[in-house]
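Down below is the structure, laid out as structure tokens.
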Amino acid sequence: MGKKTSKSKGKPKQSNPGGIKTYKPKSKFSVDSKVTKEKKINPFEFKFNRNKHEVIGSKKSAVGAPGLNKKRAQEIREKNLGAHLDRLGKTNVIKDKRLGQNDASLTEDQKAELRFKFQREKFFTEKTSKYTLDGVPAEELTHKGSKLTNIQKYEKLQGDDDDGDLDPAVFAEANFGGGEFDSANLIPLGERQKTRREVLQEVITKSKAIKYEKQKEKEDMADQTKELDNLLNTLRSEGKLGSLVIKKEGDQEAPVEQTKTDESYEAIFKELKMDGGKMAIAEKGVKINEDRKRKLKFIPDDDETKKAKEPEQEEFELVFDEQGKPINMPKNEKFSITKLRAGSVSESEDSEDNDDSDDDINQMIQDDDLDGNCMLDEDEEDADEEEEESDEGEDDDTIDQDDTVAEQPSTDVPSTYEQLKEVLEALPASESIFDYVSNIAKVYHPSKKEGNKGKLGRLFVFLLRICDETFSKETASIQQIPVFSKSLYILMKFDPDFALRCIKAILKKKYTKRHDGNLGSPITLDLVVLFKVISDLFVTDTYLHLIGTAATLALTEAITNVHVKCAEDAAKSNLLISMFIGCFEKNEFYNPEIMAHLQGLLMLCVDNGEKENFPTIQFPLVQPYRTCLVVKEEVKNVNYSPISLTKLFNGGYDENEASLTLSVINSILVNVQYFAVAYTDMACAYTAIFKPIVALIKRLPTSNYPQSLSKVASDLCRLVESNCAKYSTLERLGKPQSEVKMLKMLEPEFDTHFNPERKKFGKDQAGVTKQLQQKLKQETKGAIKELRKDAQFIAQKKRSQMAAINQERIDKTATIVKQLRGQESEAKEKNYKK
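Residues 1 to 834 (the UniProt record's numbering) make up the sequence shown, in order.
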């Protein structure tokens, strides 16, 4: 009745009876398709240059990539200029801070052990608790926005017993200093507020440090006091404090009966003490004559007038407070302290007096029949007369009274040169010149009487003349030099300026005598003694010194002009050089006269010919004088000793004596060695100074010398040679020589495609020059363009750095403002809730 239709008609076959759909993945591009895929070309990145005219042998069109070139140029600038700007002003230093790496005394095992120990200590110090995990931040409990640790009511209050450990000043500042310890304004931003316990701990630490410093000061003071006590006991045991009377607390002074002289002295002292502010200042340029001086003398009052005046003159004592202000200063009186110098005169008078005294000194040194009155002026003579008439005694703080009374001589200070000679000749054998001068200096001390200073100065001049005259004789004894030096030193201390002028006067006399007479005369003993006395009396200095410089000039003048003809003359001149080295300070300055003289003495020690020239004209030119110090025979067994001054100046040596020659050579080498060490600071001129000296030392006949002298010469030669090699690194200036340019050997160029039918045109020189100029112009433009781009890059880099700094500052400012606003709101909320 109807047609049968199939149910499966029009439906797909069900391959998955379960109803689960499966999808086949889409196929992806294979590797080959990626490789074969071409990159898309952007036509705007290329630039095509077409030639206007076709040229045979050239490319028809050129393709450029300006965008890519700009990108590469920017990368190159970023790599070069950018890195340079980042490193500008920065210095990077690599420091090896590994433990034990810089210690050469540790081995590798010790270094490893030290590092392991440090790591373990770091692990245990960082881990505060065994229940605390590393890296987990500690939780902080808050109450109303503030930490519970900052709230003081949760802390345990400290007792009052801790206040005893604090310093009083620190404790007062903490309690009454305005709350500096609890002020929140003193806490830097970003740090937590310190608890009260921490603050008190810091205060206690500071207080203990202050107490420790005070205790240390007390201990230092006690140590210094102990040292001073020991020094006092030492001086007392040595007897140096015999004249010092130490008064104890329990001692009572015995009553002393006052004489009329003592009472008058006390009255004068009280009057001067009360009227100290009303004393007149000494006027300059005013000379008081004898009549006025006699009127101004103080006449003591009678006993009755003294008794009437004593109650009126009450002593007054000023009392000062801790700040140094006077407490009991009278209202109506004004006290002033004026420092007066007795006998002060103007500078013009001082200069005139100095000139006059110099003339007097020269006259006293040159004349023999002077009575010595030129040393005293009228005022001093009047003072002497008054002192002889009066029998008043004065206290002397510097000299003992017992010694003065016991050692007072029966005669006065000699007033003339002849009197002093007679006194010194009449001295007993048990008393020396030094004892006589010491007694005179004690009795006639300048502090005892006015005018004693002039008397001692006159005695100094006469004693200096006697010293010069004594050593001018051939029979002088060398043992008397220390006696005269000590005696002159005692008298010099009272007036050093006058003694200086006296020494300069006699030095000038010696200098003039040698110039007026024979300049080449041998060195005499009186000249040597004079230089020795100068070095004993004064601290000599060859550089800008009042007497040292003058003495050095006189010494070099004598060394330069003396004629050396034998070993004795060489010994005397070399003695002056040794005295210059030993007695004068700061003698390391270059002295060409002395070095030339030493070089001449060394030439006398070698076998020199007539063609060789001496450095100066003072040395002989003929034989046998020019080889007077040459040792021609072996004298190895001869014993030589230091030169004796007595034999040298009294003719005790024989001219042909070998020991004298060896002693002179030894002293010359010692002096050369001193200057070789002293002149090492002169690096530029050292080689020029000592090169001829080394050549002479090498020529010395050391084979004939004793072993000790030969060793001295060889050591000196090695020393000077090493110094010359050390300081001879200077190179002379020279013209630089240019290198010779060789001819270029060129090989011929062969043209493989040579066509003889084709014409060859030579290049025009003008065309070549024009072409080169065009290339130069193009290159210049390109260089300028690159420089501009570099400048733009640098400016852009700096702008970006500045913008980053500004942005960082703005962010920080905004953060700070935000925090402050939050704190302000919290503070307002707390105040509102209160």
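Glycine included, each C-beta is placed from N, C-alpha and C at the ideal position.
Where residue 63 falls: helix, strand or coil (DSSP)
Within the sequence shown, residue 63 is the residue found at index 63, counting from 1. DSSP places residue 63 in strand when its eight states are reduced to three.
Neighbour-count burial assignment, residue 745, 16 or more Cβ in a 10 Å radius
As a position in the sequence shown, residue 745 is number 745, starting the count at 1. When all chains shown are included, residue 745 counts as exposed.
Which of the three DSSP states, helix, strand or coil, is assigned to residue 666?
Here residue 666 corresponds to residue number 666 of the sequence shown, with the count starting at 1. Reduced to three states, the DSSP call for residue 666 is helix.
With residue 621 and residue 696 assumed to form a contact (beta carbons below 8 Å), what rounded beta-carbon distance in angstroms separates them?
Locating residue 621 in the sequence shown gives position 621, where the first residue counts as 1. Locating residue 696 in the sequence shown gives position 696, where the first residue counts as 1. For a cut-off of 8 Å, the C-beta gap from residue 621 to residue 696 is around 17 Å, too long to register as a contact.
Those runs of the beta strand (DSSP E) which lie wholly inside the stretch 625-657 and span at least 3 residues
Listed in chain order, there is nothing to give.
Going by the DSSP bridge assignment, what does residue 146 pair with across the sheet?
By 1-based counting over the sequence shown, the position of residue 146 is 146. In the DSSP output, where bridge partners are listed per residue, residue 146 has 143.
Three-way DSSP call (helix, strand, coil) for residue 71 in this model:
Counted from its first residue, the sequence shown places residue 71 at position 71. DSSP, reduced to helix, strand and coil, places residue 71 within a helical segment of the structure shown.
Check the C-beta distance from residue 533 over to residue 573 and give it rounded, since I have them as a contact under 8 Å.
Position 533 of the sequence shown, counted from the start, is the residue given in the question as residue 533. Position 573 of the sequence shown, counted from the start, is the residue given in the question as residue 573. About 20 Å separates the CB atoms of residue 533 and residue 573; that is not less than 8 Å, and the two are not in contact.
Taking a contact to mean a Cβ-Cβ separation below 8 Å, would you say residue 554 touches residue 511 in this structure?
Within the sequence shown, residue 554 is the residue found at index 554, counting from 1. Within the sequence shown, residue 511 is the residue found at index 511, counting from 1. Taking 8 Å as the Cβ cut-off, residue 554 and residue 511 qualify as a contacting pair.
So, for residue 662: in the same chain, excluding its five sequence neighbours on each side, which residues have a beta-carbon less than 8 Å away from its beta-carbon?
Position 662 of the sequence shown holds residue 662. Within the same chain, residue 662 has close Cβ partners 631, 635, 638, 640, 705, 706 and 709.
Could you check the C-alpha separation between residue 427 and residue 690 for me, to the nearest Å?
Numbered from 1 along the sequence shown, position 427 holds the residue referred to as residue 427. Numbered from 1 along the sequence shown, position 690 holds the residue referred to as residue 690. Approximately 54 Å between the Cα atoms of the pair.
Please state the DSSP three-state secondary structure of residue 613.
What you label residue 613 is simply residue 613 of the sequence shown in a count that begins at 1. Residue 613: coil per DSSP, three-state reduction.
Ignore the nearest five residues each way along the sequence and tell me which others in residue 250's own chain have a CB closer than 6 Å to its CB.
As a first step, residue 250 must be located in the sequence shown, where it is residue number 250. Only weak support exists for where residue 250 lies, its pLDDT of 49 falling under 50; the coordinates are left without a value.
Could you name the residues of the same chain whose beta carbon sits closer than 7 Å to that of residue 797, not counting the 5 residues immediately before and after it, in chain order?
Reading the sequence shown from its first residue, position 797 is the one you call residue 797. Shown here for residue 797: same chain residues with a beta carbon closer than 7 Å to its own, the five before and five after excluded, namely 82 and 85 in chain order.
Spatially closest choice to residue 467 from 444, 527, 431 and 515, by CA coordinates
Taking the first residue of the sequence shown as position 1, residue 467 is located at position 467. When 444, 527, 431 and 515 are compared, the shortest CA-CA separation from residue 467 is found for 527.
Cβ pair residue 618, residue 677 closer than 8 Å
Counted from its first residue, the sequence shown places residue 618 at position 618. Counted from its first residue, the sequence shown places residue 677 at position 677. Not in contact: residue 618 and residue 677 (Cβ atoms no closer than 8 Å).
I'd like to check one pair, residue 413 with residue 433: are the Cβ atoms closer than 8 Å?
Position 433 of the sequence shown, counted from the start, is the residue given in the question as residue 433. Position 413 of the sequence shown, counted from the start, is the residue given in the question as residue 413. Taking 8 Å as the cut-off, the beta carbon of residue 433 is found no closer than this to the beta carbon of residue 413.
Output the distance between the C-alpha atoms of residue 845 and residue 100, rounded to the nearest integer angstrom.
No statement about residue 845 is possible, as the shown extent of the chain runs from 1 to 834 and does not include it.
DSSP bridge partner residues for residue 47 (one or two, in chain order)
If you number the sequence shown from 1, residue 47 lands on position 47. In the DSSP assignment, residue 47 forms a beta bridge with 64.
With 16 other Cβ atoms within 10 Å as the buried cut-off, status of residue 749:
Counting from 1 along the sequence shown, the entry for residue 749 is found at position 749. It is exposed - the Cβ of residue 749 has fewer than 16 other Cβ atoms within 10 Å.
Stretch pair the stretch 444-463 + the stretch 414-421: three plus CB contacts closer than 8 Å
Flag = yes, the stretch 444-463 and the stretch 414-421 touch.
Three-way DSSP call (helix, strand, coil) for residue 608 in this model
Your numbering for residue 608 matches position 608 in the sequence shown. DSSP, reduced to helix, strand and coil, places residue 608 outside both helices and strands of the structure shown, so it counts as coil.
If you reduce the DSSP assignment to three classes, tell me which class residue 476 lands in.
Translated into the one-based positions of the sequence shown, residue 476 becomes position 476. In this structure, residue 476 counts as coil in the three-state DSSP scheme.
May I ask you to verify whether the stretch 577-584 touches the stretch 647-658, counting CB pairs closer than 8 Å and requiring at least 3?
No, they do not touch.
Integer Cβ distance of residue 506 from residue 530, believed to fall under 8 Å
The residue labelled residue 506 in the question sits at position 506 within the sequence shown. The residue labelled residue 530 in the question sits at position 530 within the sequence shown. About 7 Å; that satisfies the 8 Å criterion.
Let me know if residue 752 comes out buried or exposed under the rule of 16 or more other beta-carbons within 10 Å of its beta-carbon.
Taking the first residue of the sequence shown as 1, we reach residue 752 at position 752. Residue 752 should be labelled exposed.
Alpha-carbon to alpha-carbon, residue 793 and residue 59
In the sequence shown, counting from the first residue as 1, residue 59 sits at position 59. In the sequence shown, counting from the first residue as 1, residue 793 sits at position 793. For residue 59 and residue 793, the gap between their C-alpha atoms comes out near 35 Å.
According to DSSP, is residue 94 helix, strand or coil?
By one-based count along the sequence shown, residue 94 stands at place 94. Coil at residue 94, not helix or strand.
Hey, how far is the Cα of residue 817 from the Cα of residue 196?
Counting from one through the sequence shown, the residue named residue 817 turns up at place 817. Counting from one through the sequence shown, the residue named residue 196 turns up at place 196. Rounded to the nearest angstrom, the two C-alpha atoms are 29 Å apart.
Please list, in chain order, all residues of the same chain as residue 540 whose beta carbon is under 8 Å from its beta carbon, the five residues on each side excluded.
The residue labelled residue 540 in the question sits at position 540 within the sequence shown. Closer than 8 Å at Cβ, skipping near neighbours: 534, 547, 548, 551, 583, 584 and 585.
Return the CA-CA distance between residue 922 and residue 207, expressed in angstroms with no decimal places.
Since the first residue shown for the chain is 1 and the last is 834, residue 922 is missing from the structure and cannot be characterised.
Run through DSSP, which three-state label would residue 855 get?
Shown here, the chain extends from 1 to 834; a query on residue 855 therefore has no answer.
Nearest to residue 684 by alpha carbon, out of 715, 726, 522 and 629?
Counting from one through the sequence shown, the residue named residue 684 turns up at place 684. Answer by Cα proximity: 726.
How should residue 828 be labelled, buried or exposed, when 16 other C-beta atoms within 10 angstroms of its C-beta is the threshold for buried?
Within the sequence shown, numbered from 1, the residue matching residue 828 stands at position 828. Exposed, by the Cβ-count rule.
Span of the alpha helix (DSSP H) holding residue 548?
To locate residue 548, count along the sequence shown from 1; it is residue 548. Run containing residue 548: 548-561, per the alpha helix (DSSP H) assignment.
I'd like to check one pair, residue 716 with residue 672: are the Cβ atoms closer than 8 Å?
Residue mapping note: residue 672 aligns to position 672 of the sequence shown, counting from 1. Residue mapping note: residue 716 aligns to position 716 of the sequence shown, counting from 1. Yes, they are a contact pair.
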